[in-house]
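1 is the number of the first residue of the sequence shown in UniProt numbering; add one for each residue after it.
A virtual CB, placed ideally from N, CA and C, is assigned to each residue, including glycine.
Given the structure is predicted, the values throughout are model-derived calculations rather than measurements.
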Amino acid sequence: VIIENVKNKEVGMGYDALQGNYTNMIKAGIVDPTKVTRSALQNAASVASTFLTTEAAVVDIPQKETPMPGAPGM
């Protein structure tokens, strides 16, 4: 219902869920700048791509445990 109402309104209008009304999203400061959103999405995709194409991982080398010494006199 809300989506249909927003589609019928002028550009920039949207539903403010916090206030529970329809408002100009840009004037209310709700809409993110396009460049910021696009940049965040590109960075996330870049990180995901790096993880998928990396053939090695940095890990700790397991340490061999030395056996406990025997009790004296054995």
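> For Thr37, does the three-state DSSP call read helix, strand or coil?
Replying inline: Here residue 37 corresponds to residue number 37 of the sequence shown, with the count starting at 1. Helix.
> Under the three-state reduction of DSSP, which class applies to Asn24: helix, strand or coil?
Replying inline: Counting from one through the sequence shown, the residue named residue 24 turns up at place 24. Correct three-state label for Asn24: strand.
> Looking at the unbroken alpha helix (DSSP H) that takes in Ile3, where does it start and where does it end?
Replying inline: In the sequence shown, the residue the question calls residue 3 occupies position 3. First-last of the alpha helix (DSSP H) with Ile3: 2-7.
> From Met13 to Asn43, what does the alpha carbon distance come to, in whole angstroms?
Replying inline: Taking the sequence shown and counting its residues from 1, one reaches residue 13 at position 13. Taking the sequence shown and counting its residues from 1, one reaches residue 43 at position 43. In a straight line, the C-alpha of Met13 is about 29 angstroms away from that of Asn43.
>> Considering only DSSP beta bridges, list what Asp16 is partnered with.
In response: Taking the first residue of the sequence shown as 1, we reach residue 16 at position 16. Partner(s): Asn21.
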